[in-house]
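Encoded as structure tokens, the structure appears first; notes follow it.
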Amino acid sequence: MTLIALITGASSGIGKATAQALAAAGINLILCGRRQDRLDALAQELDEQVKTTTLTFDVRDRAAVANAIGGLPAVWQKIDILINNAGNAHGLAAMQDGDLDDWDAMMDGNVKGLLYVSKAVIPNMVARQTGHIVNISSTAGKQTYANGVVYCASKKAVEAISEGMRLDLTQHGIKVTNVAPGAVETEFSVVRFKGDEDRAAKMYEGFDPLRPEDIADVILYVVTAPARVSIADITIMAAAQAAATTIYRK
Ligand code: 8X3
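At position 102 of the sequence shown (counting the first as 1) the number is 102 in this note's numbering, and the numbers step up by one without a gap.
Here it is, written out as structure tokens:
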């Protein structure tokens, strides 16, 4: 039986690398993101290996999420694997200096968006009594750091949602895996620093950061492990990273 995976935030970074890894394993893909041109290019690349379809929406837009996923053709409705990857950090500032628009963007995307997508996918998994949900959290979900209060809060929420999903869904044959990466070199810091590429590059200087494909490898393992195995929670850091904000740089 060929599996179907839906990946949010598939147009770049961990989402894109995960799409490539799952395609190499023969898993058909629903590629979701905001940038249609990037999704089209990725779909074209992966079409040689598996069947793909794309959905363009912003996870923060509740109606758009419901319409896009609810409007999938019947053949694509049987989603076996949901990768809740979409999410970003916006700004790095002390509590008293935080920007409300940044806070909204993180809470709306990282928390509420993840919930909207899950709500659109889970009922079908429950009806079929099978499925696997992978929520991308962060080391920021394990340990709060200075100037990161709302990003860390959003990722702590993801951790709580993963736990809660597991409690509610295990009895329906649905596995839930929480994946918490540390520093991965993607567009993450460029987005956090609002396009300041020099500042973003400094985050990854002096050590060998994780690459998106490192996380994709773990996700591939998690979703292809034997049926009896549930990887509940996994933290992945670069060899030079010891905790959320402890990185040994040379
Ligand atoms: C991304 C990792 O260290 O910027 O979630 O919080 S970090």
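Note that beta-carbon positions come from the ideal geometry of N, C-alpha and C, so glycine has one too. In this text the structure is predicted, and so the values were computed from the model without any measurement.
Backbone CA spacing between Asp102 and Val223 [nearest angstrom]: 33 Å
Any heavy atom of ligand 1 closer than 7 Å to the Cβ of Ala140? Distances taken from the Cβ of Ala140 to the heavy atoms of ligand 1 include one shorter than 7 Å.
Find the nearest neighbour of Gly173 within the set Ile136, Gly131 and Ala146, judged by alpha-carbon distance. Gly131
Mind the definition here: the region 128-143 touches the region 76-95 only if three or more C-beta pairs lie below 8 Å; say whether that holds. Because the criterion of three Cβ pairs below 8 Å is met, the region 128-143 and the region 76-95 touch.
Range covered by the beta strand (DSSP E) that runs through Asn28: Asn28 to Gly33
Residue range of the alpha helix (DSSP H) that Ala24 falls in? Gly13 to Ala24
Taking a contact to mean a Cβ-Cβ separation below 8 Å, would you say Leu31 touches Ala64 in this structure? no
If you compare alpha carbons, which of Glu163, Asp217 and Pro181 is closest to Ala232? If we check each option's Cα against that of Ala232, Glu163 comes out closest.
Cutting at 7 Å between CB atoms, please list the residues of its own chain near Arg128, excluding the five before and the five after it. Lys78
Which term fits Thr74, buried or exposed, when burial requires 16 or more other beta carbons within 10 angstroms of its beta carbon? Note that residue 74 is Ala in the sequence shown here, rather than Thr. Answer is exposed; the Cβ neighbour count stays below 16.
Can you tell me whether Gln171 is buried or exposed? The criterion is at least 16 other CB atoms within 10 Å of its CB, across all chains shown. Its Cβ having fewer than 16 others within 10 Å, Gln171 is exposed.
Quick one: is the Cβ of Phe188 within less than 7 Å of any heavy atom of ligand 1? Answer for Phe188: yes, Cβ within range of ligand 1.
Are there any heavy atoms of ligand 1 lying less than 7 Å away from the beta-carbon of Gly9, as far as the coordinates show? no
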